[in-house]
Every structure is written in structure tokens, then in C-alpha cells.
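Notes follow the structure.
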Amino acid sequence: MTDDQQANVNEFSCAAIFGASGGIGRALTENLANNGVTVWAGSRSGNVPQEGDVRPFAFDLNDEATIEQAASLMQSRPPQLIIAATGVLTLADGTGPERSYRGLRPDIMAQVMALNTIGPAMIAKHMLPLLDRHERGVFAAISARVGSISDNGLGGWHSYRASKAALNMLIKNFAIELRRTHKQAVVAGLHPGTVDSELSKPFQGNLPEGQLTDPAEAAQNLLAVLRGLTPDNSGEVFDFAGKRIPS
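Each position in the sequence shown, counted from 1, maps to that position plus 3 in our numbering.
Put into C-alpha cells, the structure is as follows:
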């Protein structure tokens with residue numbers, strides 16, 4: 004790693020990762036902690052990296068009180084970088100994305116929206132106030148290219164697409180609101196590509212050679228994207244190469 008790269012890595016002295024036990028969240032935590040960043044590492048299971056200055060905390064996306072408690076805990080060491088590395092594609096019972104409108108079920112749709120949209124919104128609600136009003140701060144949430152309405156040429160995956168499209172709208176809303184009080188803040192969505200994780204495992208069989216990304220590489224890509232964003236980019240969604248995804 005060059006001196007310039009090291010300086011970029013250390014732009015943030017403290018970060019908060021919600022979802023630090025998942026494939027991408029764990030890799031983000033390890034990358035930051037291994038480069039001298041204090042990391043608040045949140046999970047439901049408690050299975051988070053332990054090397055470096057990692058400070059575990061518990062939260063549940065379906066329980067706003069746990070997110071509020073986590074934010075209160077971090078007041079003693081507020082992060083400049085906040086990442087909601089959370090989300091679901093296949094539910095715990097094996098229910099996957101709907102291929103047709105005939106498969107829509109209100110209970111499944113509610114669960115997907117709760118985890119992919121409402122949960123990250125509650126993280127933003129309680130964590131955005133921790134950002135310094137006069138210095139650079141970044142809030143990012145893992146989104147997906149399939150959340151783009153204008154880029155949707157295949158249809159299907161109704162609940163997942165809808166939940167990510169709604170998340171992208173919230174990201175835009177948060178950016179507009181935060182711009183009034185935090186001139187240096189950036190709020191962004193991130194599309195990590197297809198990462199070798201539990202979320203993507205049921206869908207890896209038909210992937211072309213070379214399309215599956217290792218979590219460590221994905222984390223490095225996403226952090227590089229975040230370091231390159233300015234307040235002018237706030238409210239947008241970017242892929243792992245830094246290319247803006249249309250709404």
C-alpha cells in the first residue's frame with residue numbers, strides 16, 4: 004500500500020458498520036480495523052471481527068429501540084463513516100424473490116421491506132445526528148442495481164426491487180435534508196456487485212466466470228468509492244467501480 008493509499012484509508016478515524024457479521028459487513032470491518040480505524044461493529048449474532056480497535060454492539064433491524072441504543076452508545080466516540088451493510092434477498096425460511104406477480108404475498112413483501120428499507124431508514128434516523136455539522140461525514144447503505152426503475156428491463160424479483168427502489172428514494176431524501184445542516188456530508192447508496200456471501204449463494208450457479216467477487220475485494224472497492232464521493236454526489240447510488248446508477 005502506498006503512502007497516498009494509506010492516507011485515504013485513514014480519512015476516517017472512526018466508523019460504524021451495521022451488519023458486521025455478514026459477508027460484506029465483516030470484510031468492511033476487517034479492512035477498516037486493519038488500517039487503524041476504530042470500528043463500531045454491529046450484529047445480531049455478535050459474530051464480528053475481533054482484531055484491531057473493534058467495538059461490538061448488538062442491534063436488530065426489526066427493533067428500532069436497539070438501533071437507538073446503539074447510537075446512544077456511540078455518542079462517546081461518534082463515527083465519521085456509517086455503513087448499513089444489511090439486507091435480505093432470500094428469507095430465513097428459504098423464500099426467494101418472486102419471479103411473477105402471481106407469487107406476491109403481503110406477509111413476504113412486508114418482511115422484505117422491513118429488512119431492506121425500514122431497517123436502514125431507522126439506522127439513518129438515529130445515526131445521522133451523530134455526524135459533525137462542520138466536517139466531512141458519510142452515510143452509506145448497501146443497495147442494488149435492480150433498485151433502479153429506469154434500468155429495469157427484466158421485471159420480476161418484485162419485493163426485492165421495490166424495497167431497494169424505496170431505499171434509494173430515502174437516500175435521496177436524507178441527502179436533501181442533511182444538506183441544509185451538514186454541508187460536508189455525503190449520503191449514498193452502494194451496489195457491491197455479486198459478492199460471494201450467504202445472500203448471493205442461492206443464485207451463484209448460473210453466473211458467468213469471473214463475475215463473483217470476494218468479500219475482501221468488494222469491501223476495498225466500496226471504500227474506494229466512498230472516499231471519492233463529494234457532497235455534490237450526495238443522494239445518488241453508485242456501483243463498485245464508482246459509476247452512478249440511474250434512478
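Just so it is clear, CB atoms sit at the ideal spot from N, CA and C, and this is done for glycine as well.
Per-residue burial, residue i [other beta carbons within 10 Å of its own, 16 or more giving buried]
i    : result
A68  : exposed
R108 : exposed
R164 : buried
A36  : buried
R29  : buried
S237 : buried
L157 : exposed
G150 : buried
T184 : exposed
I152 : exposed
I179 : exposed
T5   : Here the model assigns T5 a pLDDT of 41, short of 50, so the residue's position is not dependable, and the following value carries that caveat. Label assigned to T5: exposed.
S79  : exposed
A95  : exposed
S16  : exposed
A18  : buried
Same chain only: Cβ atoms within 8 Å of residue i, ignoring 5 sequence neighbours per side
i    : result
S162 : P100, E101, L107, I111, M112, V115 and M116
G159 : P100, E101, R102 and S103
L226 : V12, L31, N34 and L35
G245 : A227, V228 and G231
N65  : A117, L118 and G122
D7   : At D7 the pLDDT is 42, less than 50, meaning the model places this residue with poor confidence and gives no usable figure here.
T98  : I111
E54  : E33, A36 and N37
Own chain residues within Cβ distance below 7 Å of residue i, not counting five before or after
i    : result
L181 : L131, A188 and V190
H129 : I70, E71 and A74
S250 : S151, I152, S153 and N171
K186 : P234
S146 : K167, L170, N171, G192, L193, H194 and V240
D76  : Reading off the sequence, residue 76 comes out as Leu, not Asp. Contacts found: F60.
Expected contact under 8 Å - CB spacing of residue i and residue j to nearest Å
i    : j    : result
G22  : G45  : 7 Å
I27  : V198 : 6 Å
P59  : T89  : Contact doesn't hold; Cβ gap of about 16 Å is too wide.
T120 : L173 : 7 Å
R105 : I248 : So it is not a contact: roughly 29 Å between Cβ atoms.
Close Cβ partners of residue i (< 6 Å) along its chain, the five nearest in sequence each way excluded
i    : result
S24  : S46, S48, N50 and V51
G140 : Q83, L134 and A188
F62  : G45, T69, I70 and A73
A87  : F21, P123, I126 and A144
T41  : C17 and D56
N224 : F243
G196 : T216 and F243
9 Å Cβ cutoff, residue i in contact with chain C
i   : result
F21 : Note that chain C does not occur in the displayed structure, where there is just one protein chain.
Residue i CB to nearest heavy atom of the ligand FMN below 8 Å
i    : result
K128 : As for the ligand FMN, it is missing from this structure, which has no ligand bound.
At least 3 beta-carbon pairs within less than 8 Å: the region 79-93 vs the region 122-135: yes
Contiguous beta strand (DSSP E) assignments of at least 3 residues, all confined to the region 125-186: 140-145
Contiguous beta strand (DSSP E) assignments of at least 3 residues, all confined to the region 4-55: 17-21 and 41-46
Cβ contact check for the region 228-243 and the region 191-200: 3 or more pairs under 8 Å: yes
contact_flag[the region 163-177, the region 217-234] where n(CB pairs < 8 Å) is 3 or more: no
Ordered list of beta strand (DSSP E) runs contained in the region 76-105, each at least 3 residues: 84-87
Unbroken stretches of the beta strand (DSSP E), 3 residues or longer, contained in the region 217-245: 240-242
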